[in-house]
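Oh and the sequence shown: position 755 is 755 in UniProt numbering, straight run, nothing missing.
To start, the structure under review is shown below, and the notes come after it.
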Amino acid sequence: MVHLSAEGKQTLNAFIDGVGHDPSTPPFVFAATTADGEIYSRGMGFNRVGDSESGLVDIDSVFWICSQSKMITHLAALQLIEAGTLSLNDPVSKYLPEFNKLIVIENFPPPVDISTAADMAPVPPLAVEDLKYHPATKIMTVEHLLTYTSGLFYPFDAVPDWNQDIDNAYSAPQDATDPAGGFVKVIKNGLPGIPLKFEPGTDWTYGYSSDILGFVIEKVAGKSLEVYMKESIFDPLGMTRTSFYQSPHIKEKKIEISYRRHGDGLFQPWGHRIYEDDPDKVFALYGGANLLTSTRDYLTLLRHYLQIHSNTLPPDVKPIISRDTLVSKIFQPALSAQGKKSLETMLGPIVANMGTGGIQWGYGGMALAMGDWVVEPDPSMAAKMKLRKEGSAFWSGFLNTTHFIDPSTGVAAVFQAQMLPPLDPVVLRTAGALEGVLYQSLVDGQQALDSFIDGAVQDPSIPPFVFAATTADGEIYSRGTGFNRVGDSASGPVDIDSVFWICSQSKMITHLAALQLIEAGNLLLEDPVSKYLPEFDNLIVIDDLPSHVEVSTKGGMAPTPSTIPPVPKSVKYHPATNVMTVEHLMTFTSGISYSSSGTVVDWDKDIENAYTAPQDKADPVGGFIKDIKKGLPGIPLKFEPGTDWAYGYSSDILGFVIEKATGQSLEIYMHVPHYTPSSERCTVLILCVPLLPGKKTSSIHSPWDHRFYEEDPDKCAFSPALRVSIPYPRRLELIQPLSAVFAFYGGAYLLASARDYLTLLRHLLQLHSNTLPPNVKPIVSRDTLISKVFAPALSPQSQKSIEDMLGPIFDSIETGGIQWGYGGTALALGDWMVESEGTKKKLRKAGSAFWFGFLNTSHFIDPSTGVAAVLQVQTLPPYPDQSILKIGRKVDAMPLLKTYHMVLNTFLSP
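Quick look at the structure:
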């Protein structure tokens, strides 16, 4: 599974921008896809060369694809063969009686080097009086047509001037009463039989095989090639701009043909005749040359092939050909050694510098690469650029169109121009360069990820986990390991739909809710918190808080039941002089902090803190505030609001403010269903905990069956009638098990599946990149996302405090600094780098947002790279457990890290 890196997209755009200023480059479209969907498309130039009023060329512009039609005609024939209505062994004469009489030309001209075909084109018939021939002894079959071993050929001759009509069998007047017979008559040109270059089945040559195959299909199907293809290929795949006819729907987007002038090499419109373009005069449909299509449509067909080949076809899409036929016929070499030699003789000069490993031909109307293609783009470059892989299928069209499908890499691409002469050198260089940039920009992580996770399964020190990654286009990877209850196979495997307590990853969602209210004008950043929670009129600053605790040692630390040492009478404090605002809560500059009671020797017991304290049904919010006050005369703060940064209960208080501002519970406002243990959608993981030294010397994980958050489902503060459920996200739920749950802690209490959390991250990527689907409403504006969620909000002193807390975790990573925004996440101020095996590896980029949860969950969003990922674990001690960091150290050495970016960097950091 591959996707296009953000750097690669920028490089492709820059390249196209560059050639766009070169008058020697014709208008064109380049587009690429994986089985998952389109990864790139870009057009350059105008539909009529030099005419800006004709509209820009884009992925929906329509081209005459000429010989790229062959692939579709061969696909249609293979469908009929699968259905049993056509056989490879059928004589062509069974459907076209004229093929009962075949003649082999004895004095055929020597092979033409089509690499010089800028001056070559199919021309009218050979001079009959000069030919020597004899009757063919072999019968021509359907198989011969499919493999181009029929002997049918294109004649070539010099074309001194391309600024004229092209006169050949395709442009000849058509017979309305007998279209196929009329075409056969033209290629016979008065000879006593169908002229062949060799006996059928003995060699390979390029010619009219696909056109004759199209006529056979019409006879078998009992309908025109247009109708058959529309019913069996175009409509099922949604190819709405593909046809043999230049209908108004096609014509409105059709790019006009241009030609390169002799002398200055510049372009001008070509106003001459190549095919019949009047729909009322089109009677013969040439399956080898005459289709019109858009780049989008052709790419859709290539993607369908990739999906069939990789067994990733969407469940609601029916394959238009079986995978067996695709693999054994379309992507399988079919030529003898002699046939292969003839194909390579024709194509060899074009691909001489590609290191192709040889070229073959299948049954699918395309050539096949017999080795990995590489090219040296510049003599000064030591390294060769990798292109399509062995097994790729490819072909091109007379008017400088081309495509390839690379099942090994999982990518396909189309380059469409519309110009003469054919095989234009500038076009070949441009298409080749775009392919090279595309391959340099693809990130292939699935095999490396799978291999790593397979290894992790065998390591008893690594707990069950899920890793999933996404781009704006969709999920690119997900994999789980282990069981829902550690060591218990009957509990079911962990997967992307397993549900986790995400603890502090809840903060991002609560902050998004607050930003929604701020956008709506229902909440202001400058609002005093006391406006909603009167208890915050009385704030006190603790004078003798314990020294800062590094979270890198948090494997033995936990928040105590209050934000201060549990000896209120001995605490020194003074009244705060600053007013605490909503902005302070969002930026964690409120002064409300978690503190630690010291080392936790044994995690195999209930956790006692403000989150686990019994809740006050009559006044849930007041009860929580009372608990964090711990008998003090005011809300205890670490510092004056707005003067520093501290990690603590800010998001929980923000959640209470949201409830007051909306008149709804946080659960209802977020529009998510309540958590119930009986819900079929919940697969709650049982917590697991490494048995620490002193209890056992093993680091093997064992089930953890103690009290963490309230889980009694019978004490919900809301009527079931108030429960709201929406399809997006589907499995994101407040952790409040409906029992003793009256206070919703927005900083710690959500349950979520990895799928749902990834859905939210993808939504934020789509917002950031302006690629939100038209039917999806943004949950916040793009302006808010960029200016608040992804913008640093801290002063230098505050930045120092967050770096002091997080720095020891990242001591082996060059971060460029860490900040905090309004979105409940930290922000990377520089590109992250880590040294491994003597070289520096690239991780997430500057501007990435990230955070983690108490139970070793983590996520990041990297808008610059265009990727987001989530790592969900459910284990104690809390973050960063050494076994989780161990995952990072293993991944650190993976060769995948040499690509543009590394979605696995979530293993290396929170």
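All residues carry an ideal CB built from backbone N, CA and C; glycine is no exception.
In terms of Cβ geometry, P878 and F850 do not form a close pair [threshold 7 Å]. The C-beta of D36 has 16 or more other C-beta atoms within 10 Å across all chains shown, which makes the residue buried.
With respect to the 7 Å criterion, F234 and L285 are not classified as neighbours on the basis of their beta carbons. T73 is classed as buried because its beta carbon has at least 16 other beta carbons within 10 Å across all chains shown.
If you look at R303, you'll find it in the alpha helix (DSSP H) that goes T295 to H309. Rounded to the nearest angstrom, the gap between the Cα atoms of S801 and I818 is 10 Å. In the displayed model, S69 falls within a helix according to three-state DSSP.
Within its own chain, the residues whose Cβ lies closer than 6 Å to the Cβ of K101, once the five positions on either side in sequence are excluded, are G193, listed in chain order.
Annotation for A176: F283 place their beta carbon closer than 8 Å to its own, counting only its chain and skipping 5 residues before and after.
Membership of E475 in the beta strand (DSSP E) is indicated by the continuous run G474 to T481. For G20, the CB contacts under 8 Å within the same chain, skipping 5 residues up- and downstream, are M44 and G45 in chain order. Your pair L523 and M580 does not check out as a contact, with CB atoms roughly 15 Å apart and the cut at 8 Å.
At the C-beta level, G847 and H511 stay beyond 7 Å of one another. Using a Cβ distance threshold of 7 Å, T401 and I813 do not count as a contacting pair. Short of 6 Å from the beta carbon of K70, and not among the five residues preceding or following it, lie these beta carbons of its own chain, in chain order: S210, G288 and G365. Here the region 470–487 lies against the region 764–783, with 3 or more beta-carbon pairs under 8 Å apart. In the DSSP assignment, T470 falls within the beta strand (DSSP E) that extends over F465 to T471. The beta carbon of S441 lies closer than 8 Å to those of L4, S5, E7, G8, K9, T11, L12 and Y900 in the same chain, with the five residues before and after it left out. Sorting A83, V351, A431 and M419 by C-alpha distance to the C-alpha of A413 places A431 at the top. DSSP places T510 inside the alpha helix (DSSP H), whose first and last residues are S506 to A520.
Going by C-alpha positions, V351 is about 30 Å away from V104. Boundaries of the alpha helix (DSSP H) harbouring D211: S209 to A221, taken from the DSSP string.
Bounds of the beta strand (DSSP E) holding E38 are G37 to M44. Under the 8 Å Cβ criterion, the region 453–472 does not count as touching the region 420–439, having fewer than three qualifying pairs. For A490 and N775, the gap between their C-alpha atoms comes out near 41 Å. In summary, N89 is exposed, with fewer than 16 beta-carbon neighbours lying within 10 Å of its beta-carbon over all protein chains present. Annotated as proximal: L145 and I212, with beta-carbon spacing under 7 Å. Linking P493 to G482 through their CA atoms gives a straight-line distance of about 6 Å. Within the same chain, A369, M370, G371 and W373 come within 8 Å of T356 by CB-CB distance, once the 5 residues on both sides are set aside. Rounded to whole angstroms, the gap between the alpha carbons of D627 and D619 is 12 Å.
Spanning the alpha carbons of K842 and V834 requires a straight line of approximately 7 Å. Of the residues assessed, E218 falls on the buried side of the cut-off, its CB having 16 or more other CB atoms within 10 angstroms.
In terms of Cα proximity to L806, the closest of A793, W820 and S795 is W820. For the pair S41 and D804, the Cα-to-Cα distance works out to about 45 Å.
In the three-state reduction of the DSSP assignment, V870 falls in the strand class, which pools E and B.
Apart from the 5 residues on each side of it in sequence, P315 has no Cβ closer than 7 Å to any other Cβ in its chain.
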